[in-house]
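Presented below is the structure to which this report refers.
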Amino acid sequence: MIIAFAFLASMTLLAALGVVLSRSVVHSALFMSASFLGVAGFFVMLNAPALAAFQVLIYVGAITVLILFGIMFTQRPQVRRFRLIINRQFWTGLAVMFGVGAFLAYTLNIQDWAGTEPGNGPREVAALGEILLGVNGAPPIFGLLFEVISVLLLVAIIAAIVISRRKTGEEVDRQGAEE
Amino acid sequence: MAQTVGQQLIIAAIPGLPLLVFFVLTLFGRYLKEGAQFVAIFGVATSLVFSCFALFFVLRGDGPIDFAVNWIDLGEGGSFQMGVYIDGLAAMMLVVVCFVSLMIQLYSGAFMLGDKRFAWYYAVLNLFTASMLGLVLAPSFIELYVFWELVGLCSYLLIGHWFEKPSAAKAATKAFIVTRIGDAALFAGIIMFWRATGTTSFEGITQAAQAGFIGGSLFTVAVVLVFIGAIGKSAQFPLHVWLPDAMEGPTPVSALIHAATMVAAGVYLVARTYDIFVQSETAMLVVAYIGGFTALMAATMALTKKDIKRVIAYSTVSQLGYMMLALGIGSFTAGMFHLYNHAFFKALLFLGAGSIITAMNSYNIFEMGGLRRRMPITFWTMVAAGLSLAGIFPFSGFWSKEAIIGSAFEEHFYVLYAMALLTVFLTALYIFRAIFVAFMGEPQTEGAREAVESPGIMTGPMVILAFLAVVSGLVGTPLRDFFGELVAPSTFAAEVLGLEPHPFSYLLAAVSVAVGVGGIALAYALYVPKPERATALSRRFSGLYAFLDNGWYFDALYGALFVRPAMAVGRFVREFDQRALGRFVTGVGRGASGIGERLRPLQSGGAQNYALFILVSVLILGVIVGAQYAFLTVALIAGIALVVVAVGARL
Amino acid sequence: MTPQVQQFLDTLNATIPLEGYLVVGAIMFAIGVWGALIRRNAVVVFMCIELTINAVNLSLVAFADYLPDAGGAGVGYAVLVIAVAAAEVAVGLAIALAVYRTRRTVNVDEVNLMKG
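Residue numbers (my numbering), protein chains in the order written: chain A, 2 to 180; chain B, 360 to 1010; chain C, 302 to 417.
Dropping the structure here:
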């Protein structure tokens, strides 16, 4: 177990670092999907295999592709220098990062988690389904949330189309931007 | 004595009608314009009729009219009433005030014709009449004080009627401020009495004083304070400086307020509270000597004046001094008799002066001359008034002045007698100096040559008043003293004073008449045959002349002592306000905008910058909330805020 | 098997404490926040935001698994979070495209009209 955990943890975290520090945008996207896969592995370890499947399908599948399309449409020439991809908040941001991380770790860990045992997750898909619909012992609010999420997704689709469509008269730009 | 409601209404209408006229004229004056005088005259005439009714009522012997309503009731020692108290003294005053006011308002119709604020003039005049009548009717100190202040206000408004003239505005302010000093003292005296006795009604205080509720020296101090109020209002020494300057107002105003009525309010106050005054010998002496000294002092100041109104103003101060003198030595009736007579002939003198200004637009007697032929009615009425003022037999002034001077001698106040006698001489001298220079001789200027007699509506009241100046004294002759029966001190006061009535002394009368005639003769000798004699005399004694002409340098003295320091304080305060406070306030404004400019770089426009700030703030808050340290909260927020501002400013 | 090897294998097979997952989530969250603060390219910022969302998901599911009284609700929440994150990325990229079209840049700090 520990080996698996260690492997997945290192994969996830190193991939995260790769997202942040990579000089090429496409590399960042690929590092991101590696990180998503790591998290999917975690989900399996946590007795939620259905969720792991969702993670892979949606994140690694759809969102990564979406990001890649976004990169394609906003193409910029690749830069060589680290300076050009990082803004001036590098060190301050590092300090903040350590602060946030420490704060979260500290807060989460001073709680007394004794007496907790793994194994309560929804092993079967049916259990996950019951949770999502808010029946059979799951919080009943999920029923409403489920429906609201579907409306949200509809709204998001329409919004994305409206925001990003070309206005009439605007030129189609073939080539990416100049510097 | 109980009255029916109808009688009470009539009494209440005596001051009520002029007050109503005031409101009507204030609201509708701009539509009435010249018609305002008719409304006003109707009001005052009706008040006169009602006052005669009141007088009749009192004469009939039905006792003083006395009724009141509760005004404020705060319990024990705190209840004040508004009421009416009319005895012989008050009834006499009511008739005098209404009558003189009526004459003045008739006269003003012609004098103030074409004035920009004709209706407002009449409105304030009526407000003044109402206030004066209310003052006369007051049965308690508080009610008297209310009307006292009102007459002071009306005096200010009327002196400053032509406020576009800076001298008039300044004179009005000077009058108000100087009388204010008196008013403050009066109020202090009222408070002292109230605290000691729990009431402010005259009766109540008198009884309490008799019963000994007020200690000796405290009592004297309170009484003297009340007298200082009278000094201010009646322009006695040392608060006399406002009256000559008050001549900046229209002449009918001077006639009404500064001759016959308002300045008489001080004398009236002493008379009304006589029962209180007589219980303090010191106060009585103070009253008498201040009165005597003022009479002499003002008479000397009148000798050198060129402005005829100023001469008459100083004369008023002097005659009021006579009245105070009389009251101070215990001759209540004599003082009031002189007040009554003086109202008529002094008003007449002012109206005559007004007639001259209407005719030739100048007050300087040395620009007049020879008006006797061109303005005969004015001449003869003024001569009548002058003779009455000088106390020549058988004019009215003789009887009352005689009574005062005779009492002074008989009561062994020899210093006061000497002062009074000298004043008689000076009075005759200055008034006939003015009359001779103005009316005799040759016209000195174009204006004098062109002068014509004034219209009937002005000379009519003058003639009526001249008639009164001659005969009004006949109600108080030694043969049958009607006046003395009506206006007498109360039995209590008479007891305390212990006065015996003394017979009319022909010798003293002859002496004072001779002195008066001597004054007239000197005036004639100096000014009529060879006027240069007077100028030569004035040059010989130029120092004395300057001293008298400048009012014994009182104005300069007060100016240096009080006015200049007060102005300096005012200037200092204004500078402080502008410089120090102003700078402080603008400094705050500049500081705020300065800090705003310093903080501007925080708004860098970069979303990530903002996100950074948010995160740092959340972290800090989280730490603080988690740690639950209070002081840490403050220290951290301050420190981190500074750091973030510094960091943000560079980013 | 020797006892040391057995012990070693036992420790290898021990259950992971809850804190382990939470720490990993915390670190991933922190890295994502850092990246959102320092990268200039808007699309990369989106990716870092996705990282933080995943960290949160991880914690949610960990709690769902370990806490007996929760009834597994954390997993349900994680599903909803995934849906919302997807919507957010779609709209956000649409905005980035629109900005790119008018300003020819995806650098976040060049869009600073709110300066001052």
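Heads up, the beta-carbon is just placed ideally off N, CA and C, and yes, glycines get one too.
Check: Name the chain B residues whose beta carbon is nearer than 8 Å to that of A:Gly94?
Finding: Leu971
Note to self: Can you pull out the residues from the stretch 109 to 120 of chain A whose beta carbon lies closer than 8 Å to at least one beta carbon of chain C?
What the structure shows: Leu109, Asn110, Trp114, Thr117, Glu118, Pro119 and Gly120
Item checked: Nearest candidate by alpha-carbon position, reference B:Val537, set B:Gln595, B:Leu494, B:Thr488 and B:Ala568 -> B:Gln595
Next item on the list: Determine, using beta carbons only, whether A:Phe143 comes closer than 8 Å to chain C.
Entry: yes
Notebook entry, point to check: Over what stretch of residues does the alpha helix (DSSP H) that includes B:Ala787 continue unbroken?
Noted result: Tyr773 to Phe798
Check: If contact means a Cβ-Cβ distance below 9 Å, which residues of the stretch 307 to 318 of chain C contact chain A?
Finding: Thr312, Leu313, Asn314, Ala315, Thr316, Ile317 and Pro318
Notebook entry, point to check: When you check each C-beta in the stretch 82 to 93 of chain A against every C-beta of chain B, which residues fall closer than 7 Å?
Noted result: Asn88, Arg89, Gln90 and Thr93
Item checked: Cut-off 6 Å between Cβ atoms - residues of its own chain near B:Ala702, not counting five sequence neighbours on either side -> Val455, Val459 and Ala619
Item checked: Near-chain C residues of the stretch 121 to 153 of chain A - C-beta to any C-beta below 7 Å -> Asn121, Gly122, Pro123, Ala128, Leu129, Ile132, Leu133, Gly138, Ala139, Pro140, Phe143, Leu146, Ile150 and Leu153
Check: Are the C-beta of C:Ala379 and some C-beta of chain B separated by less than 8 Å?
Finding: no
Next item on the list: Pull up the distance between the alpha-carbon of B:Tyr722 and that of B:Phe738, whole angstroms please.
Entry: 15 Å
Checklist line | Beta-ladder partner(s) of B:Ala427, from DSSP | finding: B:Gly442
Next item on the list: Determine which residues of the stretch 46 to 57 of chain A have a Cβ less than 9 Å from any Cβ of chain C, and write them out in chain order.
Entry: Met46, Leu47, Asn48, Ala49, Ala51, Leu52, Phe55 and Gln56
Checklist line | Spatially closest choice to B:His697 from B:Glu761, B:Gln638, B:Thr653 and B:Leu707, by CA coordinates | finding: B:Glu761
Checklist line | Buried versus exposed, by CB contacts within 10 Å (16 or more), C:Val409 | finding: buried
Item checked: Beta carbon proximity, B:Gly965 to chain C, threshold 8 Å -> yes
Item checked: For B:Asp840, three-class secondary structure by DSSP -> strand
Note to self: Can you find the residues in the same chain that come closer than 6 Å, C-beta to C-beta, to C:Phe330, ignoring five residues on each side of it along the sequence?
What the structure shows: Thr353 and Ala356
Check: Is it right to say B:Ala869 is buried, meaning 16 or more other beta carbons lie within 10 angstroms of its own, or is it exposed?
Finding: exposed
Check: What in chain A is Cβ-close to B:Leu978, meaning under 8 Å?
Finding: Val97, Gly100, Val101 and Phe104
Next item on the list: Provide the residue span of the alpha helix (DSSP H) that contains B:Lys592, from first to last.
Entry: Gly575 to Lys592
Note to self: Counting only C-beta atoms, is B:Leu1010 closer than 8 Å to chain A at any point?
What the structure shows: With a pLDDT of only 45 at B:Leu1010, under 50, the local geometry of the prediction cannot be trusted, and the value read off the model is given with reservation. Yes - at least one Cβ of chain A is within 8 Å of the one on B:Leu1010.
Check: If you scan the stretch 801 to 852 of chain B from start to end, which runs of the alpha helix (DSSP H) of 4 or more residues do you find wholly inside it?
Finding: 805 to 809, 815 to 830 and 841 to 845
Next item on the list: Might you give, ordered along the chain, the residues of its own chain that have their beta carbon closer than 7 Å to the beta carbon of B:Gln367, omitting 5 neighbours on each side?
Entry: Phe426
Checklist line | Sufficient close CB pairs (3 or more, under 8 Å) joining the stretch 604 to 619 of chain B to the stretch 569 to 584 of chain B | finding: no
Next item on the list: With a threshold of 16 other CB atoms inside 10 Å of the CB of B:Thr945, please say whether the residue is buried or exposed.
Entry: exposed
Next item on the list: Consult DSSP for A:Ile87 and reduce its assignment to one of helix, strand or coil.
Entry: strand
Next item on the list: Might you give, ordered along the chain, the residues of its own chain that have their beta carbon closer than 6 Å to the beta carbon of B:Pro837, omitting 5 neighbours on each side?
Entry: Phe863
Notebook entry, point to check: Does the count of Cβ pairs from the stretch 787 to 799 of chain B and the stretch 743 to 754 of chain B closer than 8 Å reach three?
Noted result: yes
Note to self: One question on the structure: do B:Val428 and B:Gly442 come within less than 8 Å of each other, judged by their Cβ atoms?
What the structure shows: yes
Notebook entry, point to check: From B:Gly948 to B:Arg957, what distance separates their C-alpha atoms?
Noted result: 14 Å
Next item on the list: State buried or exposed for A:Val126, treating a residue as buried only when at least 16 other CB atoms are found within 10 Å of its CB.
Entry: exposed
Note to self: For B:Val874, which residues in the same chain have their Cβ closer than 7 Å to its Cβ, ignoring the five residues on either side in sequence?
What the structure shows: Leu780, Val783 and Phe784
Check: Taking any Cβ of chain C, which residues in the stretch 937 to 963 of chain B have a Cβ under 7 Å from it, in chain order?
Finding: Arg959, Gln962 and Ser963
Notebook entry, point to check: Excluding sequence positions up to five away, which residues of its chain have a Cβ less than 8 Å from the Cβ of C:Phe309?
Noted result: none
Check: Who pairs with B:Ser560 in a beta bridge, going by DSSP?
Finding: B:Ser499
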